[in-house]
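Undergrad: Below you will find the structure I want to go over with you.
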Amino acid sequence: MKKILLITGTIILIFSFGSCYYDKAELLYPNINSCDTVTSITYTKVIVPIFQQNCYSCHGGNSPSGVIAMGTYANDKVLATNGKLMGSINHTAGFSAMPQGAAKLSDCNIAKIRKWVQAGSPNN
Ligand code: HEC
Numbered sequence: 009m010k011k012i013l014l015i016t017g018t019i020i021l022i023f024s025f026g027s028c029y030y031d032k033a034e035l036l037y038p039n040i041n042s043c044d045t046v047t048s049i050t051y052t053k054v055i056v057p058i059f060q061q062n063c064y065s066c067h068g069g070n071s072p073s074g075v076i077a078m079g080t081y082a083n084d085k086v087l088a089t090n091g092k093l094m095g096s097i098n099h100t101a102g103f104s105a106m107p108q109g110a111a112k113l114s115d116c117n118i119a120k121i122r123k124w125v126q127a128g129s130p131n132n
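Residue numbers (my numbering): 9 to 132.
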């Protein structure tokens with residue numbers, strides 16, 4: 009009787025360890041969280057790096073392209089508020105498509121910027 013309990017217990021133990029591993033969605037589907045717009049999107053950690061890679065080269069500095077200045081929170085906030093930021097990166101009719109001369113931003117980056125704008129484009 010004791011032996012049976014021991015064997016049953018061992019089997020349950022093995023299966024429960026097994027399920028711990030195989031039930032992890034991130035391991036089964038590595039791309040499931042590839043666009044994370046749930047974790048807090050901050051201006052400094054998420055938005056600025058996207059702008060640095062795609063926008064500041066033309067719109068930063070003292071003589072920004074199209075007299076559209078970016079690169080400080082105050083300047084980026086103006087574009088977020090007046091609608092030109094989302095209009096240009098979404099390639100909406102009536103706006104100049106940005107980044108100029110390059111591929112459209114990834115859906116994931118656009119989603120992150122949209123989330124930041126919808127949150128009131130906070131300085132965080
Ligand atoms: C290669 C240079 C270049 C890059 C990179 C670039 N821009 Fe521009 N951008 C321009 C120029 C030049 C203009 C003005 C002429 C025009 O509107 O087409 C402009 C205009 C704009 C405007 C005004 C659009 C309108 O319709 O009034 C916005 C907003 C803008 N850019 C945002 C961005 C953002 C955001 C990025 C990054 C995702 C970016 N730009 C990347 C060159 C660039």
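The C-beta atom is built at its ideal place from N, Cα and C for all residues, glycine as well.
With DSSP collapsed to three states, give me the class of Gly102.
TA: It is coil, neither helix nor strand.
Undergrad: What is the rounded straight-line gap between the Cα of Asn83 and the Cα of Gly68?
TA: Each residue's alpha carbon lies about 10 Å from the other.
Undergrad: Which of helix, strand or coil does DSSP assign to Cys63?
TA: Coil, per DSSP.
Undergrad: Expressed to the nearest angstrom, what Euclidean distance is found between the alpha-carbon atoms of Pro107 and Ile58?
TA: Roughly 11 Å separates the two Cα atoms.
Undergrad: Is Leu113 helix, strand or coil when you go by DSSP?
TA: Coil, per DSSP.
Undergrad: Can the beta-carbon of Asn131 be found closer than 8 Å to that of Tyr64?
TA: Taking 8 Å as the Cβ cut-off, Asn131 and Tyr64 do not qualify as a contacting pair.
Undergrad: Which residue comes first and which comes last in the alpha helix (DSSP H) that contains Asp133?
TA: Residue 133 is absent from the model: the chain starts at 9 and stops at 132.
Undergrad: Does the beta carbon of Gly69 fall short of 7 Å from some heavy atom of ligand 1?
TA: No, Cβ of Gly69 sits at least 7 Å from all heavy atoms of ligand 1.
Undergrad: Going along the chain, which residues of its own chain have a beta-carbon closer than 8 Å to the beta-carbon of Thr89, five neighbours each way excluded?
TA: Ser129.
Undergrad: Would Val75 and Lys120 be called neighbours here (beta carbons separated by less than 8 Å)?
TA: Against a cut-off of 8 Å, the Cβ pair of Lys120 and Val75 comes out as no contact.
Undergrad: Where does Gly95 sit, in a helix, a strand or coil, going by DSSP?
TA: Reduced to three states, the DSSP call for Gly95 is helix.
Undergrad: Which residues in the same chain as Lys123 place their Cβ atom closer than 8 Å to its Cβ, once the five residues preceding and following it in sequence are excluded?
TA: Result list for Lys123: Thr45 and Ile49, in chain order.
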